[in-house]
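Let me begin by presenting the structure, written as structure tokens, before commenting on it.
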Amino acid sequence: MNIKLIAIGKTDNKALQSLIDDYTKRLSFYIKFDLDIIPDIKNVKNLSEAQQKEKEGELILGKLTPTDQLILLDENGATFSSVGFSDYLQKKMNSGTKTLVFVIGGPYGFSAEVYKKAQGKVSLSEMTFSHQMVRLFFIEQLYRGFTILRNEPYHHQ
Numbered sequence: 003m004n005i006k007l008i009a010i011g012k013t014d015n016k017a018l019q020s021l022i023d024d025y026t027k028r029l030s031f032y033i034k035f036d037l038d039i040i041p042d043i044k045n046v047k048n049l050s051e052a053q054q055k056e057k058e059g060e061l062i063l064g065k066l067t068p069t070d071q072l073i074l075l076d077e078n079g080a081t082f083s084s085v086g087f088s089d090y091l092q093k094k095m096n097s098g099t100k101t102l103v104f105v106i107g108g109p110y111g112f113s114a115e116v117y118k119k120a121q122g123k124v125s126l127s128e129m130t131f132s133h134q135m136v137r138l139f140f141i142e143q144l145y146r147g148f149t150i151l152r153n154e155p156y157h158h159q
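The opening residue of the sequence shown carries number 3 in the working numbering; numbering runs sequentially from there.
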């Protein structure tokens, strides 16, 4: 199985980007992983929230293939412990999913079309984090999930 993370906007914090790069490299020992960054929408001051979500949604959907399974990182999604998330990943692998695509939306969330296309939603927390930090937290949790599945000593219970 391949895993892809799609996110809107670049990470301009060098310290965060360095950590994202570190966990992305670590994750590559377990699975094929791609981080796909969609550039920020230009002239957002002239767009309503709905228009911005619509434009971002078109860009997100344009990155998908027909066989991709789309999971939104959404505050109203299912919540997991780290062990529970590793079980979730194992079930996706066992189901024959070829490419599992997780998406971090823009500041206003997702368009209705993206919600319609999604096959699930996952929440990292009830708290709100910056979009840049969510990338790091999510990639670290992917890495943690695979170390749990391999019974490696990274995660402690």
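The beta carbon of each residue, even a glycine, is placed where N, CA and C say it ideally should be.
In this chain, the beta strand (DSSP E) harbouring Glu77 covers Gln71 to Ala80. DSSP links Thr101 through a beta bridge to Asn4. Between Gln121 and Thr99, the C-beta gap is not smaller than 7 Å, which leaves the two residues out of contact. Spatial neighbours of Ser132 in its own chain (CB-CB distance under 8 Å, excluding positions within 5 residues in sequence) are not present. At the C-beta level, Ile22 and Leu102 stay beyond 7 Å of one another. When the alpha-carbon of Leu75 is set against those of Gly108, Ser20 and Asp89, the nearest one is in Gly108.
Linking Asp38 to Gln92 through their CA atoms gives a straight-line distance of about 23 Å.
Here the C-alpha atom of Glu128 lies approximately 30 Å from the C-alpha atom of Thr69. Leaving aside the five residues that flank Lys34 on each side, the residues in its chain whose CB is nearer than 6 Å to its CB run, in chain order, Asn4.
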